[in-house]
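This report concerns only the one structure given below.
Residue numbers (the numbering used here): 59 to 140.
Right, here's the structure in full:
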């Protein structure tokens, strides 16, 4: 319902709203997980962080990525229906 309201106010198609939301959530998940950094920086991050911090980072990035999956499904459905 919120996606329909946003698409009406911003005058974008539902497919564009799904795509923008999907990209934003995937980029946030990548940023939190540390996947987008070089190998040296990743090794330094792993060496200096605690196990609890690492577990939080992994769980948070997985949860954000999983929250992006309904947007992916909505994008695929809206693409083939319109």
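Each residue gets a CB set at the ideal place from its N, CA and C atoms; glycine is no exception.
### As assigned by DSSP and simplified to three states, the class of residue 93
coil
### Query
At what residues does the alpha helix (DSSP H) containing residue 129 begin and finish?
109-139
### Query
If you compare alpha carbons, which of 68, 127, 88, 134 is closest to residue 116?
88
### Query
Just how far apart, CA to CA, sit residue 63 and residue 72?
10 angstroms
#### Entry: Where residue 19 sits in the DSSP three-state scheme
For the chain, the structure presents residues 59 to 140; residue 19 sits outside this window and is missing.
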